[in-house]
Structures are given as structure tokens and as C-alpha cells.
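Following: one structure in C-alpha cells, then a few remarks.
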Amino acid sequence: MYCPYCGYHDSKVIDSRGVNNGIRRRRECLSCHSRFTTYERVQPGSLFVIKKDGRREEFNLDKLLGGIRKACEKRPLPIGSVDKLAGDIEAELYRLGKAEIPGTVIGDMVMAGLKNLDYIAYIRFASVYRDFADITALKQEVDTLVDSDVEVSRPAGQLPLLPTEQSGVAAKRQRRSRK
Ligand SMILES: [Zn+2]
Numbered sequence: 005m006y007c008p009y010c011g012y013h014d015s016k017v018i019d020s021r022g023v024n025n026g027i028r029r030r031r032e033c034l035s036c037h038s039r040f041t042t043y044e045r046v047q048p049g050s051l052f053v054i055k056k057d058g059r060r061e062e063f064n065l066d067k068l069l070g071g072i073r074k075a076c077e078k079r080p081l082p083i084g085s086v087d088k089l090a091g092d093i094e095a096e097l098y099r100l101g102k103a104e105i106p107g108t109v110i111g112d113m114v115m116a117g118l119k120n121l122d123y124i125a126y127i128r129f130a131s132v133y134r135d136f137a138d139i140t141a142l143k144q145e146v147d148t149l150v151d152s153d154v155e156v157s158r159p160a161g162q163l164p165l166l167p168t169e170q171s172g173v174a175a176k177r178q179r180r181s182r183k
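Just so you know, we're using this note's numbering here: the sequence shown kicks off at 5 and counts up by one.
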């Protein structure tokens with residue numbers, strides 16, 4: 005810890021006490037004898053995700069990225085937007101300062117992020133994440149989306165979800181089946 009006054013590399017601790025989940029140390033520079041305070045905080049080396057079945061799995065940014073990328077596949081999104089979303093979510097998770105986070109919290113963050121980014125990607129992710137039992141449940145989610153005020157704030161250039169979106173999906177399905 006360098007002295008903030010003279011930059012000297014060594015100091016002695018003259019007082020230390022626990023604060024919240026860290027330690028506060030009062031230090032004195034060995035060179036200029038100025039006093040300053042440092043805080044030591046526990047940073048969990050790893051963040052664990054609590055899965056639906058209760059098992060813990062270490063948080064993995066690549067896995068998060070993979071899930072988001074899959075949902076955004078072939079969508080006309082600005083370069084870097086997927087990485088930014090994953091990075092933002094990761095930062096938010098660490099900001100929470102918890103050692104364990106329910107997977108549903110992360111899933112909800114992705115849902116919220118995709119909702120702002122791209123409707124199709126959002127629906128794709130939702131269909132996997134929410135584990136829609138059938139097309140009716142999926143349609144209900146789509147209807148909710150259409151009814152919500154999100155429609156108004158749709159980013160420019162994004163395809164409308166319904167009714168033209170349906171034909172878009174149908175066209176895509178046809179294209180896919182032709183392969
Ligand atoms: Zn000093």
C-alpha cells in the first residue's frame with residue numbers, strides 16, 4: 005500500500021477494526037509519517053449459481069454469453085451488444101456482493117436485457133428459460149409483450165412482433181425446413 009502523500013511503499017498499521025464485512029486499518033507512512041486509512045474487503049473468489057434442483061454451479065460468463073448468443077442468433081443486433089449485455093449482468097451480479105445467486109435472478113436479468121434489445125431474441129430465450137409447456141403458453145407471453153408498454157419504446161429498426169412478426173417466423177420456419 006503506497007502512501008497517498010509521498011508515495012512511499014511501506015506503512016505501519018496503528019489501528020485496525022472490523023467494519024461491516026471488511027476491516028478498516030489506520031496506517032502511518034514510514035517515510036513522511038502521514039496517516040491514512042485503508043479498507044480490506046472480502047471478495048468471494050467465485051460466485052455460485054443456485055440451480056432449480058438446488059445444486060450449486062460456479063458462475064460462468066462464457067455460459068451466460070452462450071445462452072444469450074443462442075437467443076440472438078442471426079438477429080440484426082449492433083456488434084458488441086451481446087457481450088455488453090453479458091458483461092453488464094456479470095458486473096451487476098458481483099455488485100450484489102453475494103456468494104450465491106439463484107439462477108432465476110440471472111435468468112430474469114437476461115430477460116429484462118433482451119426485452120430492451122430484441123423481441124425475437126427475448127421470446128427465444130423466454131421459451132427455453134421459462135420452459136413453455138406448449139405453444140399456448142408461449143403465445144400468452146407474446147400477448148403480454150404486445151399489450152405492455154414495451155411496444156411503444158421498441159428500438160428503431162426492430163421488427164414489430166405481431167401481426168407481421170408471425171409471418172416472419174413462418175417464413176423463417178419455411179426457410180429452415182427447406183434446408
Ligand atoms: Zn508518506
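Heads up, the beta-carbon is just placed ideally off N, CA and C, and yes, glycines get one too. Since we're looking at a predicted model, the values are computed, not measured.
Legend entry - For Phe129: DSSP bridge partner residues: None; Phe129 has no bridge partner.
Inset, instruction - Let me know if Val132 comes out buried or exposed under the rule of 16 or more other beta-carbons within 10 Å of its beta-carbon. - result: exposed
Legend entry - Opening and closing residue of the alpha helix (DSSP H) in which Gly91 lies: Ser85 to Arg99 is the extent of the alpha helix (DSSP H) around Gly91.
Legend entry - Cβ-heavy atom distance, Gly11 to ligand 1, below 8 Å: yes
Inset, instruction - Go ahead and label Arg59 buried or exposed: buried means 16 or more other beta carbons lie within 10 angstroms of its beta carbon, across all protein chains shown. - result: exposed
Inset, instruction - Kindly indicate which residue of His13, Arg29, Tyr12 and Asp14 has the alpha-carbon position closest to the one of Ala20. - result: What sits at residue 20 in the sequence shown is Ser, not Ala. Checked all of His13, Arg29, Tyr12 and Asp14; the closest Cα to Ser20 is Arg29.
Legend entry - Neighbourhood of Glu62 by C-beta, 8 Å cutoff - its chain only, sequence neighbours within 5 removed: Ser50, Leu51, Phe52 and Val53
Inset, instruction - Could you tell me which residues DSSP pairs with Phe52 in its beta bridges? - result: Glu62 and Glu104
Legend entry - C-alpha distance - Lys78 paired with Gly111, whole-angstrom precision: 21 Å
Inset, instruction - Determine the extent of the beta strand (DSSP E) in which Cys33 is found, giving its start and end residues. - result: Boundaries of the beta strand (DSSP E) around Cys33: Gly26 to Cys33.
Legend entry - Inter-residue Cα distance where the pair is Leu65 and Glu94: 7 Å
Legend entry - Other residues of its chain near Val86: CB distance less than 8 Å, five sequence neighbours each side excluded: Excluding sequence positions up to five before and after Val86, its CB lies within less than 8 Å of the CB of Leu69, Ile72, Arg73 and Cys76, all in the same chain and listed in chain order.
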